[in-house]
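Inspection log for the structure reproduced underneath, given as structure tokens.
Number of protein chains: 2
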Amino acid sequence: MPKVTFLPDNKKIVVPIGTELLVAARFAEIQFDAPCGGKGTCGKCHMRVVKGQVDSKAVISPGLAKDHYVVSCKSFVKENDLTVEIPKQFDPSSGKFAVDSEAIKLVDPELMPREWQYNPLVYKNYIEVFPPKSDDGLSDFDRLTRCIQLEFGKIDVSCTLSVLKKLPGVIRKENGKVTILLVRESGKFHITDIETGDKSDSFYGVAIDVGTTTVAVELVLMPEARILSSRTDYNSQVTCGLDVISRINYARTPERLKELRTRVVETINNLIVKVAGKYLIDRNDICNASIAGNTAMVHLLLGLDPENIRLEPYTPVAYQIPYLTAKETGIDINPHSWISIAPSVGSYVGGDITSGLLCTSLSTDSEEINLFIDIGTNGEMVIGNNDFLMCCACSAGPAFEGGGIEFGMRAATGAIEKVEVDKTSGKATFQTIGNVKPKGICGSGMISLIANLFLTDWIGANGKLDRSGKSPAIVTEGRNAYYILATADESYMSKPIIIKELDIENIIRAKAAIYSAFSLMVKNLSIEFDDISTIYIAGGFGRFLDIEMAIVLGLLPDVPREKFKYIGNSSLTGAYMVLVSQDYRQKQKELAGKMTYLDIGSIPGYMDEYTGAMFLPHTNATLFPTVKKNQ
Amino acid sequence: MPKVTFLPDNKKIVVPIGTELLVAARFAEIQFDAPCGGKGTCGKCHMRVVKGQVDSKAVISPGLAKDHYVVSCKSFVKENDLTVEIPKQFDPSSGKFAVDSEAIKLVDPELMPREWQYNPLVYKNYIEVFPPKSDDGLSDFDRLTRCIQLEFGKIDVSCTLSVLKKLPGVIRKENGKVTILLVRESGKFHITDIETGDKSDSFYGVAIDVGTTTVAVELVLMPEARILSSRTDYNSQVTCGLDVISRINYARTPERLKELRTRVVETINNLIVKVAGKYLIDRNDICNASIAGNTAMVHLLLGLDPENIRLEPYTPVAYQIPYLTAKETGIDINPHSWISIAPSVGSYVGGDITSGLLCTSLSTDSEEINLFIDIGTNGEMVIGNNDFLMCCACSAGPAFEGGGIEFGMRAATGAIEKVEVDKTSGKATFQTIGNVKPKGICGSGMISLIANLFLTDWIGANGKLDRSGKSPAIVTEGRNAYYILATADESYMSKPIIIKELDIENIIRAKAAIYSAFSLMVKNLSIEFDDISTIYIAGGFGRFLDIEMAIVLGLLPDVPREKFKYIGNSSLTGAYMVLVSQDYRQKQKELAGKMTYLDIGSIPGYMDEYTGAMFLPHTNATLFPTVKKNQ
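Order-wise, the sequence lines are chains A and B.
Read left to right, the first sequence gives residues 1347 to 1977 (the numbering used here).
Read left to right, the second sequence gives residues 1347 to 1977 (the numbering used here).
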């Protein structure tokens, strides 16, 4: 079989003839982003063949072809050995999320309701069990039960086989002093673990947000409901596709579904090692977990086939997942812990939303109409009050996260995140994450750039660049034009960073999807944007969003700025709330049950709304009265 | 390391110096009975060293020593290689139980209550699930739940993770036609398995009786509650000790506890292969199991430490075992099946008794006082009516199963099971199981022999043999005497089968233990034997018990013979009843809760009772008015 050597790491692997280059790289354990999941649709997974030949089945631009670049998911190993260079990609561990992981905003006390009851799914209780007596005829389990009932009243007590196996040894070691792990559910007590002595203080939990791009873990000292440490990292599934649909496509065989499961479980476990390691906490003392994630992420985490989420009529396996043990999920905490997973509402409105809602007044009995939006690859939004809740989802696409943009990248070191455009020259000044030479541009940078180009009149409302030749930053080539954001001298890779009209169009498509969803929801309810009291904005993206520029772009509606409220990673905050109180799980279920799903695409007039929103800020300028061009 | 070769099978094994010969034999996978569990107390696990030398630490009779016999559990491998002959033991597979396994009495319809409701723990239901629709927003699990609720009403439905994993594939394969495995408990439905199509007829269950000596399995066609096949075999734990206490001693390390668990699970699984194989049934279609066994057997089956059952104050880990999955127990049926285990009452009154009681009027609202006794290595008995139930246990010891009797053996081929004694000569004529030359004598043979020797005046009420020299069958040696039951010519091993006075004493001790328990129970209740309406006799032993001779011996009370009722293996029958109707599990729990445990040993006058019963039939002859010596 031919051997493939991957540069620059010099990793070697022997693979059968016909193997995709992308697959070979994965076998060689090379982290490499294939934005569309290896379906061959994005044509972005370039590798450079330094030596040997491949059977390439994808068309590639003549410039790249000349330099021996190929589309790796469409290039197949032939009988000869190969040397292949992997282009420099951005190391996820150096990304902004990773750098900032310790600085993540802890749960904002403002987001927690004023009054709440500590009521976790799992308790850790210290019990002193009286010794066996010859005349009472009680078994070890009977004695334990009696002592629990003495403390908590006449309640039904059950346990697992593993508890029974440990029981006689544990109960005798320190004269009946034991600590039990107790699931309290439906008025019954279920003991899932037991150990000798009083360990009730060594009781931790984790709140986990499984995002398509980022996974976040918070370590909580349960008895005090206190967050000790937080960490975020990229979901290592990103190398199998950048968005939900790509992941579902990738998961088309049981082996690949398993791979995706393993990847996200490993991401979570690595984060747990970090948060627990910081406090030298034994992972067996982490006995409580609450997870929130979108519907597809929950499917992939549990190894449930996500295929039908993608296919009409978009049917997930389940919205509500039963309590599972840590052992069943593979999450490396006490294996006897029970895990609570946030319920979903629809194929594209997931547990991240039912969790996020907990941080908003939409989960309270407020009569005011509020709106909650989680902006990411999928835009998910909920509008309503104590009377009704309507939700919808729209596919914004990966543009806000750098996908489909030639120099697009995620918000990591080297990404241009803020741009100013000179009214006179049309030239840009920019700010990069990490203050280094720019490598590309992230979503917030694109919003900033396009809004500024629009305000300074260098692009029109249709997103087309000025072709007058007045700006040295705008280059026209036949029917097309592009914008030079950074020159070769300025850029990290010593070649200019350019923005094509196609890139601008992709961002406009994304914002149009979100805005038209907003608009349709509001129209569908026969209200106005002004009737909305508060617009909660959540998501990893939301942390870097410039509200003013987002309104100029026409992404967010033009309403008084004080109506907008950032709530950061509300999915994680909601998971924390459920972790410390199962009352919130009940609340989530109520919210999920109350929500009406609006299928945006099926509403008459959908295309009109969308088309109207395909301009800057909108074809109907009266919708954006405060947006004025720079004079 | 030295090599040990075991004859006659020529099995070879290399073991470290210092290994017990018995352990080496076990590693070489040789089935060999160590009656006391290898504790070195019975001195019966003889092996013959043909070549090489061992380090023997047990005293052995000079005759055996001359022939190079050693006590294998007290003999240790030295640096030299060894050749060791394993004496012929009785192959369990040729035993009477095994020979008769197919002929085991199926559940006696008489033992089943007149009216009972089919209500197994697990149901297998065929469901037609409607297809996913674009406007209903239902997940696969929601659709399944709705269809179940359409059939069964608005009931709570949950499922396992493995069901969710299978669900999308299974539900789409034949347009929503699925068969589910449904646990109905506490008014909730829990789905544990799912498959495509209508498989509701392929639904089987097993009732299992785990005895100390014998394991019995019954295969049941669930929808008809019909028993298809039954099989019994020796519990392969017998090689680790013949009685409960020896087993508990053997289980003193985790490895040995695991070995015992593996042995009994394998015994059960082999029986399941046999019962299922006969009907070509896929073991995945066996989805229901009900198990009954004594407290120690249940502990060993589940890997629970039994140590404290043996130690004062005799505290088992648990009396009531939660429902377990087949996967947890290792029983090789559908791994998602739930298994119901009969509750115990005390360390020595187990689930075999709560099961057995179901077959008697003690579990009904009869006002008559009845008595139930399960005679085995442990005698367990229950007395009572609709008002009260009192139970007790006594250690009869292994004498009735051949233990502690020089030529004692279990009821297997070659065992003398019935004896007649000539009044004039004192010589015996006998009947052996399988009509072959005798190898030894089993419990029913001992009862028959001793009762006949007593009736013909060749032994006294104290169990001592006639020393007058009138019978050629009685040989006096100094202070001791023994009885020649079979001559060397008559016996299988060409050496005489003799019964020593010590052997007779052991049987008398055993019957005294049982009779005094009877007697104390009755006295404790201030009633007479005559007040008892029916005496139910159960147990493997009970099948071969000659009631008349048992009364002569003073084992059973002297009451009208029609009061005795054989009920065979009532533990298995009870397990079957629970299998087909969980109403009986509820009944078992009620019975267990109602039973008062009487600790025979702690009652004043216990020793007097026991001493009185140490005669034939009793010191107080008025208790046995119908017992007359042969004239």
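Positions of the beta carbon are idealized from the N, C-alpha and C atoms, including for glycine.
- Cα atoms of A/S1485 and B/L1866: separation of roughly 25 Å, rounded to the nearest angstrom.
- Contact between the region 1810-1824 of chain A and the region 1700-1718 of chain A is absent: fewer than 3 CB-CB pairs across the two stretches fall below 8 Å.
- For A/E1541, the beta-bridge partners assigned by DSSP are A/T1525.
- In this structure, the straight-line span from the alpha carbon of B/L1496 to that of A/G1697 is close to 28 Å.
- For B/E1936, the uninterrupted alpha helix (DSSP H) run begins and ends at D1929 to K1940, by DSSP.
- When DSSP assignments are scanned along the region 1658-1699 of chain B, the uninterrupted stretches of alpha helix (DSSP H) that are 4 or more residues long and fall wholly within it turn out to be 1672-1675.
- B/K1909 is not a Cβ neighbour of B/I1946, given a cutoff of 9 Å.
- For the pair of segments examined, the region 1503-1516 of chain B was found not to touch the region 1719-1726 of chain A: the number of CB pairs separated by less than 8 Å stays below three.
- For a cut-off of 8 Å, the C-beta gap from A/L1962 to A/G1900 is around 6 Å, short enough to register as a contact.
- With respect to B/V1361, B/V1417 sits apart: the two C-beta atoms are not nearer than 9 Å.
- Only those residues of the region 1626-1658 of chain B whose C-beta falls short of 8 Å from the nearest C-beta of chain A are listed: L1648, G1649, L1650, D1651, E1653, N1654 and E1658.
- For the set B/A1967, B/S1862, B/T1919 and B/I1796, the Cα lying nearest the Cα of B/M1895 is the one of B/I1796.
- A/I1715 and A/T1942 have their C-alpha atoms some 15 Å from each other.
- The beta carbon of A/Y1694 sits no closer than 9 Å to any beta carbon of chain B.
- In chain order, V1663 and A1664 make up the part of chain A whose C-beta sits under 7 Å from the C-beta of B/F1487.
- Of all residues in the region 1509-1536 of chain B, those with a C-beta nearer than 7 Å to a C-beta of chain A are L1510, K1511, L1513, P1514 and G1515, reading in chain order.
- In the three-state reduction of the DSSP assignment, A/R1907 falls in the helix class.
- DSSP places A/Y1580 within a strand segment (E or B) once states are collapsed to three.
- Close partners of A/E1674 in chain B (Cβ separation under 7 Å): L1507.
- Exclusion of the five residues before and after A/F1549 leaves K1470, M1568, P1569, D1631 and C1633 as the residues of its chain whose Cβ lies within less than 7 Å of its Cβ.
- In the three-state scheme derived from DSSP, where H, G and I count as helix and E and B as strand, B/V1561 is classed as strand.
- Note that the C-beta distance between B/Y1838 and B/K1773 is not below 9 Å.
- C-alpha of A/L1367 to C-alpha of A/P1433: approximately 13 Å in a straight line.
- Rounded to the nearest angstrom, the Cβ distance from B/V1926 to B/Y1464 is 6 Å, consistent with a contact under 8 Å.
- For the region 1937-1950 of chain A, the set of residues with a beta-carbon nearer than 7 Å to any beta-carbon of chain B comprises Y1943, in chain order.
- Less than 9 Å separates the beta-carbon of A/V1556 from that of A/I1637.
- Approximately 33 Å separates the beta-carbon atoms of B/S1575 and B/K1534; this is outside 8 Å, ruling out the contact.
- Listed in chain order, the non-local C-beta contacts of B/V1475 below 7 Å within the same chain comprise R1489, L1490, C1493, I1517, G1522 and V1524, local neighbours out to five positions each way being set aside.
- Interface annotation, A/I1667: in contact with chain B, CB-CB separation under 9 Å.
- Taking a Cβ-Cβ cut-off of 7 Å, the neighbours of B/G1483 in chain A comprise G1692 and Y1943, given in sequence order.
- At least 9 Å separates the beta-carbon of B/G1398 from that of B/D1355.
- Under a 10 Å Cβ-count criterion, B/Q1583 is classified as buried, with 16 or more other Cβ atoms of the shown protein chains found around its own Cβ.
- Contact between B/A1959 and B/S1862 is confirmed by a C-beta separation of about 5 Å, below the 8 Å threshold.
- Taking a beta-carbon distance threshold of 9 Å, A/P1842 does not count as an interface residue toward chain B.
- Taking C-beta separations shorter than 8 Å and ignoring five residues to either side along the sequence, the partners of A/T1671 in its chain run T1538, P1681, H1682, S1683, W1684 and I1685, following chain order.
- Straight through space, the alpha carbons of A/S1546 and A/G1789 are spaced by roughly 46 Å.
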